[in-house]
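Q: One point on numbering: in numbering that gives the first Met the number 0, the residue at position 113 of the first sequence is 112, and numbering is uninterrupted.
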Amino acid sequence: MTVAVAVSGGMDSLLALALLKEQGHDLMAVHGHFLPPGPDWERVAAGLDSACAVLNVPFHALDLYRAFEDRVIAPFVDGYRAGATPNPCALCNPRMKFGVLFDAARELGADGIATGHYVRMEDRGEFGRMLVRGADRSKDQSYFLSLVPPEILRQSYFPLAGICKRDVLDILKRHGLTPPLPKESQEICFVPDDDYQAFLLARGSMPGKGPITLADGTVVGDHEGLWRHTQGQRRGLGVAWKEPLYVLDKDVASNTLIVGPKDELDLPGCVAGQVNLMVDPGSWPEVVMIQTRYRQQAGPGRVEYSEGKLLFRFLEPHGRPTPGQVVAVYTEDGAVLGGGIIEMPLG
RNA sequence: UGGGGCGUCGGCAAGCGGUAAGCCAUCAGGUUUUGGUCCUGACAUUCGGGGGUUCGAAUCCUCCCGCCCCAG
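(1) State the Cα-Cα distance for the pair GLY203 and GLU223, rounded to the nearest angstrom.
(2) Using a Cβ-Cβ cut-off of 7 Å (strictly less than) and excluding sequence neighbours within five positions of ASN92, which residues of its own chain qualify?
(3) Mind pulling the alpha helix (DSSP H) runs of 4 or more residues that sit fully within the region 15-94?
(4) To the nearest angstrom, report how far apart PRO299 and GLY9 are at their CA atoms.
(5) If you follow the beta strand (DSSP E) that LYS249 is part of, which residue opens it and which one closes it?
(6) Going by other Cβ atoms of all chains shown within 10 Å of its Cβ, with 16 needed for buried, is GLN290 buried or exposed?
(7) The beta strand (DSSP E) spanning ASP169 covers which residue range?
(8) According to DSSP, what are the bridge partners of THR114?
(9) Would SER12 and GLY115 be called neighbours here (beta carbons separated by less than 8 Å)?
(10) State the start and end residues of the unbroken beta strand (DSSP E) segment that holds SER347.
(11) Pick helix, strand or coil for GLY161, following the three-state DSSP scheme.
(12) Could you give the first and the last residue of the continuous alpha helix (DSSP H) run that contains ARG301?
(13) Please state the DSSP three-state secondary structure of ALA109.
(14) Where TRP226 and GLU125 are concerned, what is the direct C-alpha to C-alpha distance, given to the nearest angstrom?
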């Protein structure tokens, strides 16, 4: 049994490698170059190579940037162009780390994969082994893994399950390890300077300016492109009003941005596609916990599953679901039942 | 050019003789493996302009300028 540890160059995945080594697993380390060739390739690969040498683990660097372009970046750009708000990180996990990268590792002889995500795999009675929220709730990343197929998750290891974020550097130091990329991975990895708007512009042909209106059609200003805004957004509207205004909707057909006060933001449900089911929906509890944004408290609701779509009805006021974002479904005690991508809100 | 009203930060808007609230917008930080949200901080020595009254005015008087409304 050989486990491939996906190492990004950051501290978390390096710690995952060290912890598994400590536990005596048979390991290999794999790094996928997701971005086009550049100076970082050598730097990161060399850094990881020497770190792996310290631990006596074989290291492989793989060129996966074309797959990343097709499977993550292109959908990201297309999504924005179409008026959605895509979540590239949530796609990267099933398609790249637990997809293409794992496939490549298998060819190198691996039977399982491990990453530095802050989540757990736990035995949950009738459901079997389930993906569960990380112990450190503030760093929990199960939301981003809710689209990874269950059969892949059952071959996955998450050594950071019980680790607290602030201990990571100390533990690494104890192992004599230094991450090649000391900076915390955050924002969108393929977008320079955290400027997604500049990135999209550079990709060309984004839709242009149009009106900003209230829900009743009153024009209150102009926007410079729907793709610069997203549901629930407050800043950047440039509209001076008596109270803060938030984006309610984007009407792609008329290129209109619809805004309104905070209390008009809640909606009672949504429909999701590209569904990933961890267990048969027939066995789900009647009331599940639904999370439609990364940093959002999951709220109770009912679900119907039919023809590959999940239909959600919230039981409590719920921030406006945003097309393109992930919806993750949990049990009361934090096990992931499934996930999908929001296609449309229900009013 | 007869009558009435108004002119305070980029947008609203308090103040009505005692030495410029607040909100929105904007900017700068913080939080954050998506976009957002959220939190903190900054933001009119000055009240359309001139003159006057007063110990002291955005607040009173006066003239001018600019808007708006009603009558022509």
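Don't be surprised by glycine CBs; every beta carbon is placed ideally from N, CA and C.
A: If we stick to the structure as given:
(1) Along the first sequence, read from residue 1 onward, the residue named residue 203 stands at position 204. Along the first sequence, read from residue 1 onward, the residue named residue 223 stands at position 224. For GLY203 and GLU223, the distance between alpha carbons rounds to 14 Å.
(2) On the first sequence, residue 92 is found 93 positions in, with the first residue counted as 1. Within the same chain, ASN92 has close Cβ partners PHE143, LEU144, LEU146, VAL147.
(3) 38-54, 64-67, 73-80, 87-91
(4) The sequence position of residue 299 within the first sequence is 300, counting from 1. The sequence position of residue 9 within the first sequence is 10, counting from 1. Distance between the alpha carbons of PRO299 and GLY9 is about 35 Å.
(5) Counting from 1 along the first sequence, the entry for residue 249 is found at position 250. Run containing LYS249: 245-250, per the beta strand (DSSP E) assignment.
(6) As a first step, residue 290 must be located in the first sequence, where it is residue number 291. So GLN290 ends up on the buried side.
(7) Taking the first sequence and counting its residues from 1, the one referred to as residue 169 is at position 170. Element bounds for ASP169: not the beta strand (DSSP E) but the alpha helix (DSSP H), 167-173.
(8) The sequence position of residue 114 within the first sequence is 115, counting from 1. DSSP lists no partner for THR114.
(9) As a position in the first sequence, residue 12 is number 13, starting the count at 1. As a position in the first sequence, residue 115 is number 116, starting the count at 1. Cβ distance < 8 Å, so SER12 and GLY115 count as in contact.
(10) Lying before the first or after the last residue shown, residue 347 is absent from the chain, which here runs from 0 to 346.
(11) One-based indexing of the first sequence puts residue 161 at position 162. Helix, per DSSP.
(12) By 1-based counting over the first sequence, the position of residue 301 is 302. ARG301 -> not in any alpha helix (DSSP H); beta strand (DSSP E) instead, spanning 298-305.
(13) As a first step, residue 109 must be located in the first sequence, where it is residue number 110. The answer is coil: DSSP assigns ALA109 none of H, G, I, E or B.
(14) Here residue 226 is taken as the residue at index 227 of the first sequence, counted from 1. Here residue 125 is taken as the residue at index 126 of the first sequence, counted from 1. The straight-line gap from Cα to Cα measures roughly 43 Å.
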